[in-house]
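>
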Ligand SMILES: Cc1ncc(C[n+]2csc(CCO)c2C)c(N)n1
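Now the structure itself:
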């Protein structure tokens with residue numbers, strides 16, 4: 001059993017809850033309210049800016065050149081994807097970049113991005129990798145799970161295809177291979193730290209979809 005398989009076993013329940021969440025099932029059956037998807041997409045643009053900064057830190061800590069290339073590319077890509085969102089989805093909805101970037105972050109988005117950046121600034125490479133891995137892996141798994149059903153809503157279909165694409169699959173497989181290679185040199189205690197970050201970030205992935213579905217307000 002590879003280390004990444006052990007990691008995925010730890011989030012089996014979280015992953016099942018993600019697939020069953022009405023935000024995710026609503027993408028394929030078309031029942032997800034457009035307003036909830038819009039809320040999610042705006043929050044995701046804000047998330048991607050922070051995530052990209054975290055990836056730059058991960059690249060700076062990379063122990064080998066190939067890993068540095070992978071995460072520097074990904075850091076750039078997260079910003080390119082954020083801008084592409086502005087150019088397509090947001091333009092269709094009549095939202096300007098200024099409006100999107102002036103939107104306050106919702107509570108679960110603050111939680112998730114603050115956690116990622118704290119780990120990225122403070123912890124060693126293997127732990128940062130554990131925290132950033134669910135972002136790649138869960139989106140790929142969800143993309144693969146949804147693509148055969150597709151969506152009657154063109155915007156949702158476009159979203160599904162992004163994450164079920166071969167180019168995205170290739171990136172995720174590289175990150176997974178790196179995780180397995182890095183794990184070979186870790187002690188049991190170090191592996192446990194990786195696993196704790198992996199589980200925590202996976203919880204935040206669930207909470208991010210739930211944030212979109214609820215259009216999560218600040219209660220105070
Ligand atoms: C909450 C949230 N989690 C994961 C992703 C997916 N994702 C974002 S950046 C990136 C790698 C670099 O492009 C990946 C896989 C997302 N969009 N939003």
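Residue numbers (UniProt numbering): 1 to 220. Even for Gly, the Cβ is constructed at its ideal location relative to N, Cα and C. Just so it is clear, the structure is predicted and the values come from calculations on it, not from any experiment.
Would the beta-carbon of residue 165 fall within 7 Å of that of residue 157?
Counted from its first residue, the chain shown places residue 165 at position 165. Counted from its first residue, the chain shown places residue 157 at position 157. For residue 165 and residue 157, no; Cβs fall outside 7 Å.
> What residue range does the alpha helix (DSSP H) around residue 153 cover?
Counted from its first residue, the chain shown places residue 153 at position 153. Note, residue 153: premise wrong, no alpha helix (DSSP H); not H, not E.
> Please determine whether the Cβ atom of residue 115 lies at a distance below 6 Å from any heavy atom of ligand 1.
Within the chain shown, the letter at position 115 stands for residue 115. False, no ligand heavy atom lies under 6 Å from that Cβ.
> Which of the three DSSP states, helix, strand or coil, is assigned to residue 220?
Taking the first residue of the chain shown as position 1, residue 220 is located at position 220. Residue 220: coil per DSSP, three-state reduction.
> Taking residue 51 as part of the alpha helix (DSSP H), name the residues at either end of that continuous run.
Working through the chain shown from its first residue, we reach residue 51 at position 51. From DSSP, the alpha helix (DSSP H) with residue 51 extends over 34–60.
> Straight-line CA distance for residue 86 to residue 77?
Locating residue 86 in the chain shown gives position 86, where the first residue counts as 1. Locating residue 77 in the chain shown gives position 77, where the first residue counts as 1. Spanning the two alpha carbons is a distance of roughly 14 Å.
> For ligand 1, which residues count as neighbours when the test is a C-beta closer than 6 Å to any heavy atom?
Matched residues: 44, 47, 48, 51, 74, 77, 78, 81, 135, 136, 139, 205 and 208.
> Using a Cβ distance threshold of 8 Å, determine whether the segment 164–183 contacts the segment 100–117, with at least three qualifying pairs required.
In short, these stretches do not touch, since the Cβ pair count stays below three.
> Given this structure, state the Cα-to-Cα distance separating residue 178 from residue 220, to the nearest angstrom.
Taking the chain shown and counting its residues from 1, one reaches residue 178 at position 178. Taking the chain shown and counting its residues from 1, one reaches residue 220 at position 220. Going from the Cα of residue 178 to the Cα of residue 220 covers about 42 Å.
> When the Cα atoms are used, what is the spatial distance from residue 130 to residue 56?
Here residue 130 refers to the residue found at position 130 of the chain shown. Here residue 56 refers to the residue found at position 56 of the chain shown. One C-alpha to the other measures close to 15 Å.
> Does residue 159 come out as helix, strand or coil in the three-state DSSP assignment?
Counting from 1 along the chain shown, the entry for residue 159 is found at position 159. Of the three classes helix, strand and coil, the one that applies to residue 159 here is helix, per DSSP.
> Who are the Cβ neighbours of residue 142 in its own chain at under 8 Å, not counting the five residues just before and after it?
Within the chain shown, numbered from 1, the residue matching residue 142 stands at position 142. Answer for residue 142: 18, 19, 24 and 163, listed in chain order.
> Taking C-beta to C-beta, are residue 207 and residue 109 nearer than 7 Å?
Counting from one through the chain shown, the residue named residue 207 turns up at place 207. Counting from one through the chain shown, the residue named residue 109 turns up at place 109. It is not a contact, given that the beta carbons lie outside the stated cut-off.
> Looking at the structure shown, is residue 113 part of a helix, part of a strand, or coil, going by DSSP?
Here residue 113 refers to the residue found at position 113 when the chain shown is read from its first residue. Of the three classes helix, strand and coil, the one that applies to residue 113 here is helix, per DSSP.
> Whose C-beta lies closer than 6 Å to the C-beta of residue 97 among residues of the same chain, with five residues either side of it excluded?
Counting from one through the chain shown, the residue named residue 97 turns up at place 97. Excluding positions up to five away in sequence, the list reads 86.
> Can you grab the Cα-Cα spacing for the pair residue 26 / residue 47, in whole Å?
As a working note, residue 26 is residue 26 in the chain shown. As a working note, residue 47 is residue 47 in the chain shown. Cα to Cα, the separation comes out at about 22 Å.
> Which of the three DSSP states is assigned to residue 193 in this structure?
Indexing the chain shown from 1 puts residue 193 at position 193. Helix, per DSSP.
> Put residue 145 into one of helix, strand or coil per three-state DSSP.
Taking the chain shown and counting its residues from 1, the one referred to as residue 145 is at position 145. Looking at residue 145 - three-state DSSP - the assignment turns out to be helix.
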